[in-house]
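A quick write-up on the structure given underneath.
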Amino acid sequence: MTDYDVIVIGGGLLGCFAARNLTRYRLSCALLEEQSDICTGISRTNTAVIYGSQDNMPGTLKADLCKRASDGFDGLCGDLGVEFHRCGSLMLCFGDGGLKKLERCLSRGNENGVKGLRIIERDEILALEPNINPLV
Ligand SMILES: Cc1cc2nc3c(=O)[nH]c(=O)nc-3n(C[C@H](O)[C@H](O)[C@H](O)COP(=O)(O)OP(=O)(O)OC[C@H]3O[C@@H](n4cnc5c(N)ncnc54)[C@H](O)[C@@H]3O)c2cc1C
Numbered sequence: 017m018t019d020y021d022v023i024v025i026g027g028g029l030l031g032c033f034a035a036r037n038l039t040r041y042r043l044s045c046a047l048l049e050e051q052s053d054i055c056t057g058i059s060r061t062n063t064a065v066i067y068g069s070q071d072n073m074p075g076t077l078k079a080d081l082c083k084r085a086s087d088g089f090d091g092l093c094g095d096l097g098v099e100f101h102r103c104g105s106l107m108l109c110f111g112d113g114g115l116k117k118l119e120r121c122l123s124r125g126n127e128n129g130v131k132g133l134r135i136i137e138r139d140e141i142l143a144l145e146p147n148i149n150p151l152v
């Protein structure tokens, strides 16, 4: 039997990040994963979008954490030697109702301090992403 100060149970993204952050302290830590390797479940098969917090209500913990996590990815990937490129993402909307939602995201994102957000029109969208159905 080995004694540890902290044992993190579950080696998905959250457990791995928790364990990594704990290594900054003078603690003996262990990470327990029931599968044969870490990040074999949801953490391996997600969409790989890094949320910038434009969807989150300003002033909430979630908005703050999403913003800080997104901002930290360049440094994190540099530390881990993982290639990382901010390619941006498109949120598409259709009709007047959709535009209102998009404007709300823009306003929330600006309030949350997300950089580079802007609303673009159809021609620019199709130039950026030709696979979007041009008939819509
Ligand atoms: C379809 C889909 C798309 C998504 N897309 C995105 C996205 O684009 N961007 C984004 O930020 N998030 C996305 N998410 C959410 C994100 O993937 C999850 O929030 C994240 O992976 C959860 O990580 P986790 O460590 O909490 O859980 P998990 O990855 O599920 O890790 C839990 C780990 O604990 C282990 N475990 C469980 N019980 C025990 C036990 N008793 N003992 C030891 N080990 C145990 C499991 O084997 C597993 O490895 C998406 C989710 C889904 C389903």
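In terms of the working numbering, the numbers along the sequence shown are unbroken and rise by one, the last being 152. Ideal placement from N, C-alpha and C gives every residue a C-beta, glycine not left out.
Under a Cβ-count criterion, where at least 16 other Cβ atoms within 10 Å of its own Cβ denotes burial, should S52 be classed as buried or exposed?
exposed
Terminal residues of the continuous alpha helix (DSSP H) containing L48?
Segment C45 to L48 is the beta strand (DSSP E) holding L48; no alpha helix (DSSP H) there.
Quick one, which of V65, N128, E50 and P150 has its alpha-carbon nearest R84's?
Comparing Cα-Cα distances from R84 to each of V65, N128, E50 and P150, the minimum goes to N128.
Give me the residue from C45, I66, L144 and V22 with the minimum Cα distance to L92.
I66
Per DSSP, what are the beta-bridge partners of I25 in this structure?
L48
Chain-ordered list of residues that sit, by beta carbon, closer than 7 Å to a heavy atom of ligand 1
That gives I25, G26, G27, G28, L29, L30, G31, L48, E49, E50, Q51, I54, C55, T56, G57, I58, S59, T61, N62, T63, A64, V65, I66 and Y67.
Leaving out the 5 sequence neighbours to the left and right, which residues in its chain are closer than 7 Å to T39 when beta-carbon positions are compared?
C45
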